[in-house]
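The sequence shown begins at 21 in my numbering and counts up by one.
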Amino acid sequence: MSYRDLIVGIIFLSQTVVGIVGNFSLLYHYLFLYHTECRVRSTHLILRHLTIANSLVIVSKGVPHTVASFGLKHFFNEFGCKLLFCVQRVGRGMSVGSTCLLTVFQTIMISPMNSCLKEFKVKAPKYIGFSISLCWIQFMFVNLVFPLLYVFSNRSMKNFTKKGDLGYCLAVDHETVTVSVYAVLIVFPEASLCGLTIGASSSMVFLLHRHKQRVQHIHSTNVTPRSSAESRATQSILVLVSTFVSFYFLSSAFHVCVALLCNSSWWLVNTAAMISVCFPTVCPFLLMGRNSVISRLCFAWITNITFPNLIRNM
21 MSYRDLIVGI IFLSQTVVGI VGNFSLLYHY LFLYHTECRV RSTHLILRHL TIANSLVIVS
81 KGVPHTVASF GLKHFFNEFG CKLLFCVQRV GRGMSVGSTC LLTVFQTIMI SPMNSCLKEF
141 KVKAPKYIGF SISLCWIQFM FVNLVFPLLY VFSNRSMKNF TKKGDLGYCL AVDHETVTVS
201 VYAVLIVFPE ASLCGLTIGA SSSMVFLLHR HKQRVQHIHS TNVTPRSSAE SRATQSILVL
261 VSTFVSFYFL SSAFHVCVAL LCNSSWWLVN TAAMISVCFP TVCPFLLMGR NSVISRLCFA
321 WITNITFPNL IRNM
């Protein structure tokens, strides 16, 4: 194992551990609220599925690259490669879909009663479960077809002359699987959801800013923008959406390069994988940062698991 493989393996391992701990801590919090029927909100269902999708991406992307970086390459058979790639794509798609659904739902709920969205205020919470189920079905159906044509194990690739090495599996290049099929089935739905997310987030920021201007006469002139609830909400939305959009487009650009270039370089493949795991890793901590109660409960849960004897003796 070379020095560069060791460094990359440590990075992937760190991303995987931090991401799994963060997402499972957040998922534990929302499941706890659901079972105790305490402070359950409509957005909690979306956030639960978002953490599940992020966990799928981290496990299916971070773990194989970690193992491959530490020297165990091409350890999956053909079925394992196709199943792994399917989980990666479903997790990525559901992460995009859940983020879009969360943003659109919040935009509807904060819209004024005299807006064109007033009719959806009552109906929107009732259709959250249906919308999430539809997203799961759509992404599972699409990605069950595409991996069957795209990824193979090392042993089943002898008849293909042009292929890309992902470290743990091999992928057929764009001459075998046409770019148009990939664009229609994978890229277009995700790009559409990402565009809808940007539009809904822009509307939400505009609504919050307009609301702040309307109630500005209530606040004292000595109140700083930092202490304003509207400003904090706007900043949280901007951070979440900008982080999501930045990592999504950056990851998409690298994955396009990997897909189009035959025999992609080692650096390109690993960089694309690292970037694709970044948002699922940081997402739970951004959500925790928006709610101090979540942060305290999740920290207490992690501490209780890590140091149970210490907690009992306190």
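Backbone N, C-alpha and C fix where the C-beta goes; we use that ideal spot for every residue, glycine too. Please read these numbers as outputs of a predicted model, since none were measured by experiment.
Find out if the Cβ-Cβ distance for the pair Thr36, Gly100 is shorter than 7 Å. no
Distance, Leu137 Cα to Phe8 Cα: This structure cannot speak to residue 8, because the chain is shown only from 21 to 334.
Would you call the stretch 258 to 269 in contact with the stretch 208 to 228, where contact means no fewer than 3 C-beta pairs closer than 8 Å? yes
Leaving aside the five residues before and after Ala73 along the sequence, list all residues of the same chain whose C-beta is less than 7 Å from its C-beta, in chain order. Gly111, Met114, Ser115 and Ser118
In the stretch 67 to 124, which residue ranges form an unbroken alpha helix (DSSP H) of at least 4 residues, counting only runs that do not cross its ends? 83 to 89
So, using beta-carbon positions, are Tyr50 and Leu67 closer together than 7 Å? yes
From Glu210, Val28, Ile148 and His229, residue whose alpha carbon lies closest to that of Arg61: Ile148
Assuming His85 contacts Ala279 under a Cβ cut-off of 8 Å, what Cβ separation, rounded to an integer in Å, is found between them? His85 to Ala279, Cβ: 17 Å. No contact.
Between Pro132, Ile152, Lys146 and Thr301, which lies nearest to Val38 when the distance is taken from Cα to Cα? Thr301
Whole angstroms are fine: how far does the CA of Ser80 sit from the CA of Gln108? 6 Å
Where Met133 falls: helix, strand or coil (DSSP): coil
Taking Leu205 as part of the alpha helix (DSSP H), name the residues at either end of that continuous run. Neither: Leu205 is in no alpha helix (DSSP H) and is coded neither H nor E.
Note down the Cα distance separating Phe161 from Leu46, rounded to an integer number of angstroms. 28 Å
Would you report the Cα separation of Ser34 and Leu70, rounded to the nearest angstrom? 21 Å
Please report how far the alpha carbon of Leu121 lies from the alpha carbon of Ile218, in whole angstroms. 12 Å
Determine, using beta carbons only, whether Ile378 and Ala144 come nearer to each other than 7 Å. Any answer about residue 378 is impossible in this case: the structure gives the chain only from 21 up to 334.
Who are the Cβ neighbours of Leu260 in its own chain at under 6 Å, not counting the five residues just before and after it? Leu306
What is the rounded straight-line gap between the Cα of Asn228 and the Cα of Thr123? First, the amino acid is wrong: residue 228 is Leu here, not Asn. Approximately 14 Å between the Cα atoms of the pair.
Rounded to the nearest angstrom, what separates Ser247 and Ser285 at their Cα positions? Confidence in Ser247 is poor, its pLDDT being 42 and thus under 50, which makes the residue's placement unreliable; the coordinate value appears in the next sentence. Cα to Cα, Ser247 sits roughly 49 Å from Ser285.
Given Cys106 as reference, the closest of Thr263, Met308, Ile206 and Met133 once Cα atoms are compared: Ile206
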